[in-house]
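In the working numbering, the protein residues as written are 7 to 406.
Ideal placement from N, C-alpha and C gives every residue a C-beta, glycine not left out.
The next block holds one structure in the form of structure tokens; read it before the comments.
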Amino acid sequence: MGSDAPEKARLIIVDDEPVILNLLRSVFDGEAYSVLAFPDGRSALEAMESGGVDVLLTDKNLPDIGGLELLRHAKRIQADAEGIIITGYASLDTVLAAMQLDAFDYIVKPPKDIFDVRRKVRQAFEKVRMGRENRRLMAEIKERNGELERALSELRELQSELIQSEKLAGIGVLAAGIAHEISSPLFGVMGLAEAIAEESDADLMHGYANEIVEYATNIKEIVVQLSGYSRDAGREYHGEVELQQVVDDAVRLVVLSLAIPLSTVRVVCEGSPRVAARGSELQQVFVNLVKNAVEAVLEHHADPESGAQGLVEVRVDVVGRYARARVIDNGPGIPAEQQSTIFDPFYTTKPPGRGTGLGLNIVYRILTKYRGTVQVESTLDEGTTFEVRLPKIEPLSDES
Ligand SMILES: Nc1ncnc2c1ncn2[C@@H]1O[C@H](COP(=O)(O)OP(=O)(O)OP(=O)(O)O)[C@@H](O)[C@H]1O
Ligand SMILES: [Mg+2]
Numbered sequence: 007m008g009s010d011a012p013e014k015a016r017l018i019i020v021d022d023e024p025v026i027l028n029l030l031r032s033v034f035d036g037e038a039y040s041v042l043a044f045p046d047g048r049s050a051l052e053a054m055e056s057g058g059v060d061v062l063l064t065d066k067n068l069p070d071i072g073g074l075e076l077l078r079h080a081k082r083i084q085a086d087a088e089g090i091i092i093t094g095y096a097s098l099d100t101v102l103a104a105m106q107l108d109a110f111d112y113i114v115k116p117p118k119d120i121f122d123v124r125r126k127v128r129q130a131f132e133k134v135r136m137g138r139e140n141r142r143l144m145a146e147i148k149e150r151n152g153e154l155e156r157a158l159s160e161l162r163e164l165q166s167e168l169i170q171s172e173k174l175a176g177i178g179v180l181a182a183g184i185a186h187e188i189s190s191p192l193f194g195v196m197g198l199a200e201a202i203a204e205e206s207d208a209d210l211m212h213g214y215a216n217e218i219v220e221y222a223t224n225i226k227e228i229v230v231q232l233s234g235y236s237r238d239a240g241r242e243y244h245g246e247v248e249l250q251q252v253v254d255d256a257v258r259l260v261v262l263s264l265a266i267p268l269s270t271v272r273v274v275c276e277g278s279p280r281v282a283a284r285g286s287e288l289q290q291v292f293v294n295l296v297k298n299a300v301e302a303v304l305e306h307h308a309d310p311e312s313g314a315q316g317l318v319e320v321r322v323d324v325v326g327r328y329a330r331a332r333v334i335d336n337g338p339g340i341p342a343e344q345q346s347t348i349f350d351p352f353y354t355t356k357p358p359g360r361g362t363g364l365g366l367n368i369v370y371r372i373l374t375k376y377r378g379t380v381q382v383e384s385t386l387d388e389g390t391t392f393e394v395r396l397p398k399i400e401p402l403s404d405e406s
């Protein structure tokens, strides 16, 4: 037998009466476990010490070491070993002592039904087997639990790293967004400052200076608003603005910062809806949309030979409960498959240095904050319309 073969379970039988010992041994012929029979306690103990024991079937009264004593040794050698005590008479004392030793069962001698002995031994083996199987499962569960705990803590670590990098990415977007948004008013300030330098009319100079103060205030507000994004200023804001005024200001700023003629952009208004929003933020929305439109038509109609003229129009009106503003251009249009991506941060089709891809993302974020929407409709080679809607403030009725 190879030493690496799985060891067979062991039944140790001990009885000093040879007839009974033989009888018992014969009952277990052909069982799956190895059966060792001993006429006395000492030799049984030796065998257990050297080769282990799973089930001990022993006479209680042996000339040398008693059956209960043997059982104690068996449990010392193999903690989950089971013992069945054979006793000449089932005295209460014997049964109690056997129970104290955690004996599995007892048999009264002479055994009336030899198959009953075999059944009891089989049950004892089954108990040993199940106990071991349970412990194996418990160990496996423990091991799996350990693995799960390790995986969980790894996940937690990964998650906190992700949150950290997400935060860093957020800071990157924020910084880029601030740079993006202050560039238009900053160019406005520079343009006006240059105008002042070349102006001699004191009144005009005064007017430019006032505008510079206004744009500088815008810049300050943009920085404050953008850095306070998470605080959701939209909900706590109770002011209101006239949409047309905001659009006019935005167009002026774009014209100033891109140094293009004012006539490039036309503003058409039907009605003068008011909306609940911070003017400087809403102005950012239209600066971005109008700037995109102007850039699109300038690019598209760059070739003077073509004869076509670039047109940008902003139409303000009211639909139902909404104030609506449409920024319309006859530029190159946006391919259908890109129309959902253009609002993603950093998505741009412009060459490096010309666009950061933040404009529309800022538009989207500001409008969402004020419960507004932005939608795009575009046909290639015909043009693009961005439609902005914001809940309109109803004018107070006379009675109230
Ligand atoms: N009116 C338009 N016509 C055609 N394409 C447009 C128009 N508006 C936006 N797009 C497309 O959407 C992209 C994203 O616009 P967005 O304003 O977010 O970034 P950008 O204009 O590329 O860069 P930035 O605004 O940072 O200067 C543009 O690069 C362009 O491809
Ligand atoms: Mg843009």
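Within 7 Å of the C-beta of residue 387 there is not a single heavy atom belonging to ligand 1. Per DSSP, reduced to three states, the secondary structure at residue 26 is helical. Proximity of the beta carbon of residue 375 to ligand 2 is not indicated: no heavy atom of the ligand is located closer than 7 Å. For residue 330, there is no enclosing alpha helix (DSSP H); the enclosing beta strand (DSSP E) has its first and last residue at 328 to 335. Sorting 122, 106, 88, 375 by C-alpha distance to the C-alpha of residue 131 places 88 at the top. Residue burial annotation: residue 121 is exposed, with fewer than 16 other C-beta atoms found within 10 angstroms of its C-beta. If you check the C-beta of residue 294 against ligand 1, you find a heavy atom less than 7 Å away. Cβ contact annotation for residue 45 (same chain, cutoff 8 Å, sequence separation greater than five): 20, 21, 22, 24, 27, in chain order.
Proximity of the beta carbon of residue 367 to ligand 2 is not indicated: no heavy atom of the ligand is located closer than 7 Å. About 32 Å separates the beta carbon of residue 324 from that of residue 363, a gap too long to meet the 8 Å contact definition. Counting only runs of at least 4 residues, the region 12 to 74 fully encloses the following alpha helix (DSSP H) elements, listed from N- to C-terminal order: 24 to 33, 47 to 57. Shown here, residue 118 sits in coil according to DSSP, grouped into three states, outside any helix or strand. Rounded to the nearest whole angstrom, the C-alpha separation of residue 136 and residue 170 is 50 Å. In the pairwise beta carbon analysis, the region 243 to 261 is classified as touching the region 186 to 201: at least three pairs are separated by under 8 Å. Taking the Cα of residue 396 as reference, the smallest distance to any Cα among 373, 177, 85, 287 is reached at 373. At the C-beta level, residue 369 and residue 291 come within 8 Å of one another. Within 10 angstroms of the beta-carbon of residue 379 lie fewer than 16 other beta-carbons, which makes it exposed.
Look at residue 337: its beta carbon is at least 7 Å from all of the heavy atoms in ligand 2.
Within 7 Å of the C-beta of residue 183 there is not a single heavy atom belonging to ligand 2. When distances are taken from the beta-carbon of residue 270 to the heavy atoms of ligand 1, even the shortest one reaches 7 Å or more.
About 7 Å separates the beta carbon of residue 300 from that of residue 266, a gap short enough to meet the 8 Å contact definition. Residue 171 sits in a helix when the DSSP states are folded into three classes. Using a cutoff of 7 Å, the CB of residue 298 counts as near ligand 2, since one of the ligand's heavy atoms is closer than that.
Counting other Cβ atoms within 10 Å of its Cβ, residue 16 reaches 16 or more and is therefore classed as buried.
For residue 226, the closest C-alpha among the options 185, 202, 109 is that of 185. Secondary structure note for residue 272: its beta strand (DSSP E) is the uninterrupted segment 271 to 275. Judged by DSSP secondary structure, residue 287 falls within the alpha helix (DSSP H) whose first and last residues are 285 to 306. According to the DSSP assignment, residue 262 belongs to the alpha helix (DSSP H) that extends over 249 to 264. Between residue 381 and residue 208, the alpha-carbon positions lie close to 45 Å from each other. Burial state of residue 114 is exposed, judged by a 10 Å Cβ sphere holding fewer than 16 other Cβ atoms. Taking C-beta separations shorter than 7 Å and ignoring five residues to either side along the sequence, the partners of residue 387 in its chain run 338, 339, following chain order.
Not one heavy atom of ligand 2 sits closer than 7 Å to the Cβ of residue 359. As the crow flies, the alpha-carbon of residue 125 is around 46 Å from that of residue 156.
Across the structure, residue 335 and residue 254 are spaced so that their CA atoms are roughly 17 Å apart. A check of alpha carbon separations from residue 56 across 147, 18, 179 identifies 18 as the nearest. Residue side-chain check: residue 398 keeps its Cβ at 7 Å or more from all non-hydrogen atoms of ligand 1.
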